[in-house]
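Going down the list, the protein sequences come from chains A and B. Per numbering that gives the first Met the number 0, residue 0 is the first one in the first sequence, and the count goes up by one each step. Per numbering that gives the first Met the number 0, residue 0 is the first one in the second sequence, and the count goes up by one each step. Note that beta-carbon positions come from the ideal geometry of N, C-alpha and C, so glycine has one too.
2 protein chains.
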Amino acid sequence: MYEDRIRNPQLRSRILSAEEAAAYIQDGMTVGISGFTRAGDAKAVPMALAERAQRTGERLRINLWTGASVAEEVDRVLADAGVIARRLPFQSESHMRACINRGDVMYVDQHLGEMGEWIRAGELGRLDVAILEAVAITEDGCIVPSTSVGNSPTFAQIADRIVVELNVHQPESLEGMHDVFIPGPRPHRQPIPLCQVDQRIGTPYIPVKPDKIVGIVVTDRDDHFVEIAPADADTKRMAEHLVDFFEHEVRRGRLPKTLYPLQSGVGAVANAVLSGLAASPLQDLEMYSEVLQDGAFDLFDAGKLRFASSCSITLTPERARRVMNDLPAYRRHLILRPQEISNHPEVIRRLGVIAMNTALEVDIYGNVNSTHVGGTEIVNGIGGSGDFARNALLSVFFTKSTAKGGRVSSIVPMVAHVDHTEHDVDIVVTEQGLADLRGLAPRERARALIERCAHPAYRDALAAYFAAACRRGGQTPHLIEQALSWHARYRNAGTMLAPTRQEV
Amino acid sequence: MYEDRIRNPQLRSRILSAEEAAAYIQDGMTVGISGFTRAGDAKAVPMALAERAQRTGERLRINLWTGASVAEEVDRVLADAGVIARRLPFQSESHMRACINRGDVMYVDQHLGEMGEWIRAGELGRLDVAILEAVAITEDGCIVPSTSVGNSPTFAQIADRIVVELNVHQPESLEGMHDVFIPGPRPHRQPIPLCQVDQRIGTPYIPVKPDKIVGIVVTDRDDHFVEIAPADADTKRMAEHLVDFFEHEVRRGRLPKTLYPLQSGVGAVANAVLSGLAASPLQDLEMYSEVLQDGAFDLFDAGKLRFASSCSITLTPERARRVMNDLPAYRRHLILRPQEISNHPEVIRRLGVIAMNTALEVDIYGNVNSTHVGGTEIVNGIGGSGDFARNALLSVFFTKSTAKGGRVSSIVPMVAHVDHTEHDVDIVVTEQGLADLRGLAPRERARALIERCAHPAYRDALAAYFAAACRRGGQTPHLIEQALSWHARYRNAGTMLAPTRQEV
Numbered sequence: 000m001y002e003d004r005i006r007n008p009q010l011r012s013r014i015l016s017a018e019e020a021a022a023y024i025q026d027g028m029t030v031g032i033s034g035f036t037r038a039g040d041a042k043a044v045p046m047a048l049a050e051r052a053q054r055t056g057e058r059l060r061i062n063l064w065t066g067a068s069v070a071e072e073v074d075r076v077l078a079d080a081g082v083i084a085r086r087l088p089f090q091s092e093s094h095m096r097a098c099i100n101r102g103d104v105m106y107v108d109q110h111l112g113e114m115g116e117w118i119r120a121g122e123l124g125r126l127d128v129a130i131l132e133a134v135a136i137t138e139d140g141c142i143v144p145s146t147s148v149g150n151s152p153t154f155a156q157i158a159d160r161i162v163v164e165l166n167v168h169q170p171e172s173l174e175g176m177h178d179v180f181i182p183g184p185r186p187h188r189q190p191i192p193l194c195q196v197d198q199r200i201g202t203p204y205i206p207v208k209p210d211k212i213v214g215i216v217v218t219d220r221d222d223h224f225v226e227i228a229p230a231d232a233d234t235k236r237m238a239e240h241l242v243d244f245f246e247h248e249v250r251r252g253r254l255p256k257t258l259y260p261l262q263s264g265v266g267a268v269a270n271a272v273l274s275g276l277a278a279s280p281l282q283d284l285e286m287y288s289e290v291l292q293d294g295a296f297d298l299f300d301a302g303k304l305r306f307a308s309s310c311s312i313t314l315t316p317e318r319a320r321r322v323m324n325d326l327p328a329y330r331r332h333l334i335l336r337p338q339e340i341s342n343h344p345e346v347i348r349r350l351g352v353i354a355m356n357t358a359l360e361v362d363i364y365g366n367v368n369s370t371h372v373g374g375t376e377i378v379n380g381i382g383g384s385g386d387f388a389r390n391a392l393l394s395v396f397f398t399k400s401t402a403k404g405g406r407v408s409s410i411v412p413m414v415a416h417v418d419h420t421e422h423d424v425d426i427v428v429t430e431q432g433l434a435d436l437r438g439l440a441p442r443e444r445a446r447a448l449i450e451r452c453a454h455p456a457y458r459d460a461l462a463a464y465f466a467a468a469c470r471r472g473g474q475t476p477h478l479i480e481q482a483l484s485w486h487a488r489y490r491n492a493g494t495m496l497a498p499t500r501q502e503v
Numbered sequence: 000m001y002e003d004r005i006r007n008p009q010l011r012s013r014i015l016s017a018e019e020a021a022a023y024i025q026d027g028m029t030v031g032i033s034g035f036t037r038a039g040d041a042k043a044v045p046m047a048l049a050e051r052a053q054r055t056g057e058r059l060r061i062n063l064w065t066g067a068s069v070a071e072e073v074d075r076v077l078a079d080a081g082v083i084a085r086r087l088p089f090q091s092e093s094h095m096r097a098c099i100n101r102g103d104v105m106y107v108d109q110h111l112g113e114m115g116e117w118i119r120a121g122e123l124g125r126l127d128v129a130i131l132e133a134v135a136i137t138e139d140g141c142i143v144p145s146t147s148v149g150n151s152p153t154f155a156q157i158a159d160r161i162v163v164e165l166n167v168h169q170p171e172s173l174e175g176m177h178d179v180f181i182p183g184p185r186p187h188r189q190p191i192p193l194c195q196v197d198q199r200i201g202t203p204y205i206p207v208k209p210d211k212i213v214g215i216v217v218t219d220r221d222d223h224f225v226e227i228a229p230a231d232a233d234t235k236r237m238a239e240h241l242v243d244f245f246e247h248e249v250r251r252g253r254l255p256k257t258l259y260p261l262q263s264g265v266g267a268v269a270n271a272v273l274s275g276l277a278a279s280p281l282q283d284l285e286m287y288s289e290v291l292q293d294g295a296f297d298l299f300d301a302g303k304l305r306f307a308s309s310c311s312i313t314l315t316p317e318r319a320r321r322v323m324n325d326l327p328a329y330r331r332h333l334i335l336r337p338q339e340i341s342n343h344p345e346v347i348r349r350l351g352v353i354a355m356n357t358a359l360e361v362d363i364y365g366n367v368n369s370t371h372v373g374g375t376e377i378v379n380g381i382g383g384s385g386d387f388a389r390n391a392l393l394s395v396f397f398t399k400s401t402a403k404g405g406r407v408s409s410i411v412p413m414v415a416h417v418d419h420t421e422h423d424v425d426i427v428v429t430e431q432g433l434a435d436l437r438g439l440a441p442r443e444r445a446r447a448l449i450e451r452c453a454h455p456a457y458r459d460a461l462a463a464y465f466a467a468a469c470r471r472g473g474q475t476p477h478l479i480e481q482a483l484s485w486h487a488r489y490r491n492a493g494t495m496l497a498p499t500r501q502e503v
């Protein structure tokens, strides 16, 4: 049956087992695999590689490039086998995270929309082997990707050798949903001609020189999607705050009824917000995003979403089965693009995207930490949040006002790590409320964030810190010797709550 | 004589004194004035306004929008008169700075390339009066700007009323050097068609509805340029390090011999670097920048600079006289654009600009503070550095390794304020050396920055901090309770130098 999916007859002779394909990978090599937000990732060959390393005990340390996060077990088995020396540009798996935080894996956490440029400019060195999941290979030997596009077009362009994982479990009806475009060389590059979310500017396949395809591994497996936390009372309230704000802006004439194209980051809150929009009077919405989660399909099913452009489709397992079965109904409303295009500053700014991303913590001046707990331990990475927040018409960040059962305030005097500066943060939403920071100076931002977003248990302490800092002065008043004391206190005492009311 | 410069006959009757024009400005209004890096600023009307406020004692508090910094005495007299309630998006004057740091002026320090979007989207409210310097008014009543374009095209489009300051001191030969383009409305905007630094995409004047011009004030005065610090041994060494690096990259085939279009921020170091390039074997260089300082004209004069696109020309007083006298020789090598275009992510990314900006301090992981001394007191503002650093092909930051006679290290464990995250910082240069951080993980970045960029007097203490932090672990290891202790020590003891070798 898989033969029908290999439409180039010469390539039918290059079927290999995962183990045989993994033999192309040797110590010191750089390997690029498909996959973005756990969708469309190469699965069999990386796992065969890990198995080989553990079986033979050979010295095998590689640099692993991906689109973004890949299936948990791919990063996990590679981390456990100790074969990863360097990892770019994003991950979200607990064993890999532990290796990174121990310093065993060099992790270059990086704007997802920029990596293609770095690779093509030669700034990261050569790419020895690319392993790319496909649903089909065309007559010309080009690759039809599956549920994500990621960095695969650039990997295919640059790699010395390509291994295709032909996944017969992924529906063939995915073919035709992709639009592959790679910007030309600089400095005399032409504009990216994309001016509408539903516009096609490239090819429905990844261009490949067929001679580079050294093997095709046939696989038959689901994307390894995971459940996401269901909406709770807090995430529902955040969604309500944001929908109220959107409606207010529409009444003020600052946003059209169809809003602007929406970007929504990965996670439970973003998902809840999209579901919240499904129940609002807003309609004919569009998305220009890097990932589509269940919430986007809730919007489709509610008839609210006219069109969605994305880099990947990442669903809960049960929803994935339904969507993949119903793909013909969705496909005319959907385009999947390379991450360089889904996350490109040029396109995001041109379309006027409304960016919605999640913060770990926000400081009183609106600087956002998306990545580092306590300023030190990374959770996942910056991902696409910077691409969108910087270039958006409106940049929204969500966070619950507290974490760890109330022992951590998500609104702090100073964030312990900055991923997004105050310049790139327009709206902050917690379950307590929404702060509209546009056009405000830092001292005004502080008042808005403390009053509207902080949890009542921390509001007085934040106000006291801010008042004391203002007495000392400055555009962005801080008591520099106390600015990170809340984090230090949490580290020492297990809570950010001050022992007495007096202490700030 | 000025009559020849007002080519629309109806408008010749609208000549006003500066005092009469200032009468259009009332308490609570928002006023937008031309001016970018002290070039081409409206001078007479703002100063008449300040004079009026001081003379009458009336209640007069306005919001002042500019392109970027304006002449020192404009911001100074307005600050001294107490008439500024809110200031956007950049300033560089000591009295205004003091008002801002005291909290008397709400200062919204902001990416210079974004302000036009905010204004047109209505996010900052209405603009009552625009005051725009011109060298001429066309037959159709349109405005020919002088030594900068700044935000003037958007101010002209949005303002209820326009006052023109017709400066007969500025040479008429500036006409024809400007290229004015305003991106269309979103979400169905077309690409900005600019693909080469010397390409014209707009009009040589600012389109204006002549009915909005309520007055023309004739002035006759220089731009108020200032001297910049001459290159010293340290800035010369920085320039040498960077030129060596460029030559190395050319040999490696990663940069062409003509490099990519250069952006160079304001200041002595940037100026010294450009002068350094004049003595290098590199040639046929191009600039795509927001400002051209003396160094750019050194490159022109050395025959090294093929073409420069900028938003303004900001020179030392003596050089300004020479350049303005020789303008016909330079003008075919120069275009002046609105700051929205000179600083546009779309164009900067497309051209592959090499961005060169100045840091106040850099932390061991490569995060940059460009604005806030001790994390609190602002110096100037982020300006265009973020527009360029984020979107550049190569983002370079300069800083001397120490300040305050060696009592402050510019390489610190953690910056006290973040303007540019590690993701946007590729190369750091001090007089000690150059660190190429591309493709490095945070722990690798730390080793490179400590070894190559830190001053020897601080190197051991930085290495000790880093080693202790690594023992605790993390992707970005910190001792959170000590991360800002160097800044606290400077505040208390007047030096970052540790009292003993033991203390880190």
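{"Item": "Simplified DSSP assignment, three categories, for B/Glu132", "Value": "strand"}
{"Item": "Beta strand (DSSP E) runs wholly inside the stretch 28 to 104 of chain B, at least 3 long, in chain order", "Value": "29 to 32, 61 to 64 and 83 to 87"}
{"Item": "Any chain E beta carbon closer than 9 Å to B/Ile381", "Value": "Protein chains in the displayed structure are A and B, and chain E is not among them."}
{"Item": "With 16 other Cβ atoms within 10 Å as the buried cut-off, status of B/Lys42", "Value": "buried"}
{"Item": "Alpha carbon of A/Asp222 to alpha carbon of B/Ser408, nearest angstrom", "Value": "50 Å"}
{"Item": "Contact residues within the stretch 472 to 484 of chain B, judged by C-beta distance below 7 Å to chain A", "Value": "Gly472, Gly473, Gln474, Thr475, Pro476, His477, Ile479, Glu480, Ala482 and Leu483"}
{"Item": "Short CB-CB distance (under 9 Å) between B/Gln282 and chain A", "Value": "no"}
{"Item": "Contact under 9 Å by Cβ, B/Ser263 with B/Ser308", "Value": "no"}
{"Item": "Residues of its chain near A/Ile377, where Cβ-Cβ distance is below 8 Å and the 5 sequence neighbours each way are ignored", "Value": "Arg96, Ile99, Asn100, Tyr106, Asp108, Thr370 and His371"}
{"Item": "CB contact below 9 Å: A/His177 versus chain B", "Value": "no"}
{"Item": "Beta-carbon gap between A/Gln90 and A/Asn379 smaller than 9 Å", "Value": "yes"}
{"Item": "A/Arg444 classed as buried or exposed, judged by whether at least 16 other C-beta atoms fall within 10 angstroms", "Value": "buried"}
{"Item": "Endpoints, alpha helix (DSSP H) assigned at A/Asp243", "Value": "Ala232 to Arg250"}
{"Item": "Residue environment, B/His168, which counts as buried when at least 16 other CB atoms sit within 10 Å", "Value": "exposed"}
{"Item": "The stretch 436 to 454 of chain A in contact with the stretch 57 to 65 of chain B per 3-pair CB rule at 8 Å", "Value": "no"}
{"Item": "Residues near B/Val290 in its chain [Cβ-Cβ closer than 7 Å; skip 5 each side]", "Value": "Thr36, Val265, Ser309, Cys310, Ser311 and Thr313"}
{"Item": "A/Ala434 - partner residues in DSSP beta bridges", "Value": "A/Val427"}
{"Item": "Beta-bridge pairing of A/Leu393 - partner residues as DSSP gives them", "Value": "A/Ile353"}
{"Item": "A/Ala149 - DSSP class collapsed to helix/strand/coil", "Value": "The question names Ala, yet the displayed sequence has Gly at residue 149 of chain A. Strand at A/Gly149."}
{"Item": "A/Pro190 vs B/Pro192 beta-carbon contact at 9 Å", "Value": "yes"}
{"Item": "Length-filtered (4 minimum) alpha helix (DSSP H) runs lying within the stretch 312 to 390 of chain A", "Value": "316 to 324, 326 to 329, 338 to 341, 344 to 350 and 384 to 390"}
{"Item": "Length at least 3, wholly inside the stretch 244 to 299 of chain A: the beta strand (DSSP E) runs in chain order", "Value": "261 to 263 and 284 to 287"}
{"Item": "Members of the stretch 414 to 428 of chain A near chain B, C-beta cut-off 7 Å", "Value": "Ala415, His416, Val417, Asp418, Thr420 and His422"}
{"Item": "Nearest-angstrom Cα separation, counted from A/Gly149 out to A/Ala155", "Value": "11 Å"}
{"Item": "The stretch 142 to 168 of chain A: positions lying closer than 7 Å to chain B by Cβ", "Value": "none"}
{"Item": "Residue span of the beta strand (DSSP E) that contains B/Phe306, given as start and end", "Value": "Leu304 to Ser309"}
{"Item": "Through-space distance from B/Val73 to B/Met46, alpha-carbon basis", "Value": "6 Å"}
{"Item": "A/Asn342 at chain B interface by Cβ criterion, 9 Å", "Value": "no"}
{"Item": "Members of the stretch 101 to 126 of chain A that neighbour chain B once the beta carbon cut-off is set at 9 Å", "Value": "Arg101, Gly102, Val104, Met105, Tyr106, Val107, Asp108, Gln109, His110, Glu113, Glu116, Trp117, Ala120, Gly121, Glu122, Leu123 and Gly124"}
{"Item": "Whether B/Asp418 touches B/Asn368 by CB criterion (9 Å)", "Value": "yes"}
{"Item": "Opening and closing residue of the alpha helix (DSSP H) in which B/Glu450 lies", "Value": "Pro441 to Arg451"}
{"Item": "Range of the contiguous beta strand (DSSP E) that encloses A/Leu111", "Value": "Run containing A/Leu111: none; DSSP gives neither H nor E here."}
{"Item": "9 Å Cβ cutoff met for B/Val44 and B/Glu164", "Value": "yes"}
{"Item": "Pair within 9 Å by beta-carbon distance, A/Ile215 and A/Arg13", "Value": "yes"}
{"Item": "Pairwise C-alpha distance: B/Arg442 and B/Gln474", "Value": "7 Å"}
{"Item": "Residues that B/Gly214 bridges to, as DSSP identifies them", "Value": "B/Val162"}
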